[in-house]
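What follows is a set of notes on a single structure, which appears directly below.
There are 2 protein chains.
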Amino acid sequence: MADKDAARLQIVRAQDPSIATLDDAFEIPKREDVDIVVELIGGVKVAERLVRAALEGKKHVVTANKALLAERGKALFELAERNGCDLYFEAAVAGAIPVIRVIRESLASDYFQSVRGIINGPSNYILSSMANDDATFADALKAAQEAGFAEADPTLDITGGDAGHKLALIAGLAFGAHVLPSQIPTEGIDEVDPRDIQYAHRFGYVIRPLAVAERVESGALDLRVHPALVPESDPLAHVDGALNAVAIKGAMVGPSFLSGLGAGAAPTATSVAGDIIDIARNMLAGAPMRTWYLPVEGDQMLQPIADLSSRYYLRFSVHDEPGVLAALSGALGDAGISIELMVQDVNGGDDGTATIAMLTHDSREGDVRAALRAIDDTHHATAPTRVIRIVE
Amino acid sequence: MADKDAARLQIVRAQDPSIATLDDAFEIPKREDVDIVVELIGGVKVAERLVRAALEGKKHVVTANKALLAERGKALFELAERNGCDLYFEAAVAGAIPVIRVIRESLASDYFQSVRGIINGPSNYILSSMANDDATFADALKAAQEAGFAEADPTLDITGGDAGHKLALIAGLAFGAHVLPSQIPTEGIDEVDPRDIQYAHRFGYVIRPLAVAERVESGALDLRVHPALVPESDPLAHVDGALNAVAIKGAMVGPSFLSGLGAGAAPTATSVAGDIIDIARNMLAGAPMRTWYLPVEGDQMLQPIADLSSRYYLRFSVHDEPGVLAALSGALGDAGISIELMVQDVNGGDDGTATIAMLTHDSREGDVRAALRAIDDTHHATAPTRVIRIVE
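This is the structure in structure tokens:
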């Protein structure tokens, strides 16, 4: 093994002198006595060089690197195929949950309708503690960092970028789509306000950080990453803290649900070890590339987010004055958006403002956004309206 | 394909004349153009003959037959090995849930601490409708039969026998134990009374039909099938109706949870098709027996049920007279059983009886049973005390 951190190598040497420790990771793929290279560096640049070197040296590869595969997967899988090598990546999506193996082996015969997941641990941990401890986003983030559940630089997690990488991999496996993370509409959890969590609760929902891949009626693929209202009766609503979960719906298999720890050394190591054992079984059987990464059918039509049909949670900040609700509902009605549930609260303090929260019936996202832009421009609004999609 | 039911063969022939239909299933393993024999007969006798004929003819086998594998698995896996054949059985446990593949591939590196599951669909359907519709066991069974969720002869399901077959397979896969169903302490759901469901609810629990395999401190294996009180916060508590679920705890992976449909033509077919695809991948790679049924470590020490340490739900039927509660708690206390929660209700009507329901702290099952036998023999008792184990 190799590690940039010399102290860590020292510990390994002390524990087991039979493990060869190297200062330079690029020496590993050059060694004759190495069959499988495990890449756990993270990031794209150095990791890509190492994985390329390994595959070109005809070494099988196990990686937990979602960014690498989401950005450069196509070329790397082609390289692996040319060299007759396995490239396994169970730990790259949802940590200990065997979602890759389930999609490409257990459910290999099925036609996938949707895959929905809580696949970013830090985001779920933060939203869970906002709900359980009634904390602000900033306080919950700080607590998550102190507890080791969020990185010092949490950007990739809280903006949805990490979930986007994983969703791109899921879209390839479940729907044969070659999608880059930049093509996926992505919203982070950093805009979620404790008030949204409270209103969601009053309506019977919880807010979860979701990644959604769904084949819609037009045949297009609906891909998105965002915080969502989930009904309290949904299994995803009970996935708390650092747990991840994936809910798969197949034409034949029906609803299939998997949950487990999404991160952490031991759960990740279990997935990596499962891949190593799988490749070793292939090697013993003289059968590399036995289960291949599903062939990507090529570029698929992605549904523009404006065309999404969904129910929405809306929270309006308005002046507390006669006619406001009539104006809001009029504007929404004119845009074809119908309200299912509504609650109006006069805010505390003397500023004469009110909050109106509502759930809509199914509406087209483009229409919702246009109506809200118009409403936010009126003299009624005191702040931009918050919108959170409902997933059920 | 072959089917005893000539009408069904007629339908297949009409839909697709290219499918060869045979009146005699035993012709199938004799055919040169057959590589994989799929056995979906059920039962032990005929199925065993067919599977043996297939393996002796060097055909790979896919089966959904838990009874066959639980009773005759050891000999059949040995026969498969001698003939260089795969014998796959994903559909035999928990229908569409890929529990076999997850245990022997995804979590292959882990040390299993416990596997707990709702693995009998009819039982869960019946207990769910007893809770949701406030129905008696007999009415709920009848409704389940009318809805097609229970067989005309439901004995094997409601007595726990079916779950015992599946648990024997799980014990082999997860713990390397060679266990026959007859060695597993088994209780059916037919003794569950609506009052037990109501008291469980008052204590914050639901009653689920569980199968439990657990490595206990002594190193022995604790295997059992019975209805159990499960805390409402447990993921298993949310597995309703015909859904099955398996909760795995591993030393490294932590808690892992899988749920999905446990029965039905399409979900079962998905698991069977996944196995066929897996074997086909082995054949294409020239690598039969690539992932082998884990070697059974031989007979393992099974924990006698009397030595189980558990919390218990107890429901006493007693005469409503002074001193009853003191007598009960005295008898329990003398046996070292301590009470955590208690509720006493005077029964309606003029018969002067009362019900006392309680949850105990951790107790040894043998002590609990002995204390209850003594209590049931006193003049206080009007009916035998109901005992249900708590699993959390």
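Line by line, the protein sequences give chains A and B.
Residues 1253 to 1644 in the numbering used here are what the first sequence spells out, letter by letter.
Residues 1253 to 1644 in the numbering used here are what the second sequence spells out, letter by letter.
All residues carry an ideal CB built from backbone N, CA and C; glycine is no exception.
Being a predicted model, the structure only gives us computed values, none of them experimental.
Query, Result
"C-beta neighbour in chain B for A/Ile1557, strict 8 Å", "no"
"Beta carbon proximity, B/Phe1509 to chain A, threshold 8 Å", "yes"
"Closest residue to A/Gly1456 among A/Leu1510, A/Met1594, A/Ile1355 (Cα-Cα distance)", "A/Met1594"
"Per-residue DSSP class, three states only, for B/Phe1401", "coil"
"Residues near B/Gly1526 in its chain [Cβ-Cβ closer than 8 Å; skip 5 each side]", "Glu1342, Pro1350, Arg1353"
"Where A/Met1253 sits in the DSSP three-state scheme", "coil"
"Straight-line Cα distance separating A/Asp1362 from B/Phe1568", "50 Å"
"B/Ser1511, enclosing beta strand (DSSP E) - first and last residue", "1506-1513"
"C-beta contact flag for A/Pro1433 and A/Ala1420 at 8 Å", "yes"
"Cβ pair A/Val1313, A/Val1298 closer than 8 Å", "no"
"Alpha helix (DSSP H) runs contained entirely in the stretch 1594-1628 of chain B, provided each spans 4 or more residues", "1617-1628"
"Identified DSSP bridge partners for A/Arg1301", "Bridge partners of A/Arg1301: none, in fact."
"Given B/Ile1589 as reference, the closest of B/Thr1607, B/Glu1323, B/His1613, B/Ile1608 once Cα atoms are compared", "B/His1613"
"Beta-carbon separation (whole angstroms), A/Val1345 vs A/Leu1320, contact threshold 8 Å", "Not a contact, Cβ separation roughly 13 Å."
"Proximity below 8 Å, CB of A/Pro1487 to CB of A/Leu1379", "no"
"Given 8 Å, three or more beta-carbon pairs between the stretch 1563-1577 of chain B and the stretch 1609-1623 of chain B", "yes"
"For A/Pro1281 and A/Gly1309, believed in contact at Cβ under 8 Å, the rounded distance", "4 Å"
"Own chain partners of A/Ala1387 with C-beta closer than 8 Å, once the 5 adjacent residues on each side are dropped", "Ser1381, Ala1395, Pro1446"
"Inter-stretch contact (C-beta, 8 Å, three-pair minimum) for the stretch 1550-1561 of chain A and the stretch 1460-1475 of chain A", "yes"
"Residue-level contact to chain B via CB, A/Arg1283, 8 Å cutoff", "no"
"Cβ-based neighbour list, A/Asn1335, same chain, cut-off 7 Å, excluding 5 preceding and 5 following", "Leu1307, Glu1308, Lys1310"
"Three or more C-beta pairs below 8 Å linking the stretch 1623-1640 of chain A and the stretch 1264-1279 of chain B", "no"
"Within chain A, the residues that B/Leu1339 reaches when beta carbons sit closer than 7 Å", "Correct list: empty, because the minimum Cβ distance to chain A is about 16 Å."
"C-beta neighbour in chain B for A/His1490, strict 8 Å", "yes"
"Collapsed DSSP secondary structure at B/Arg1542 in the structure displayed", "coil"
"Integer Cβ distance of A/Gly1440 from A/Gly1400, believed to fall under 8 Å", "Wrong, their Cβ atoms sit about 20 Å apart, outside the cutoff."
"C-alpha gap between A/Thr1273 and A/Ala1259, whole angstroms", "12 Å"
"Straight-line Cα distance separating B/Ile1449 from A/Ile1642", "33 Å"
"B/Ala1199 burial status per 10 Å Cβ neighbour count (16 or more: buried)", "The requested residue 1199 of chain B does not occur in the structure, where chain B is confined to residues 1253 to 1644."
"Beta-carbon gap between A/Glu1291 and A/Thr1315 smaller than 8 Å", "yes"
"Limits of the unbroken alpha helix (DSSP H) element including B/Leu1261", "1258-1267"
"C-beta atoms of A/Leu1408 and A/Ile1500 nearer than 8 Å", "no"
"Alpha-carbon to alpha-carbon, B/Gly1416 and B/Gly1295", "14 Å"
"Nearest-angstrom Cα separation, counted from B/Val1570 out to B/Arg1638", "12 Å"
"Rounded straight-line distance, which links the Cα of B/Arg1368 to that of A/Ala1517", "24 Å"
"Limits of the unbroken alpha helix (DSSP H) element including A/Lys1318", "1318-1334"
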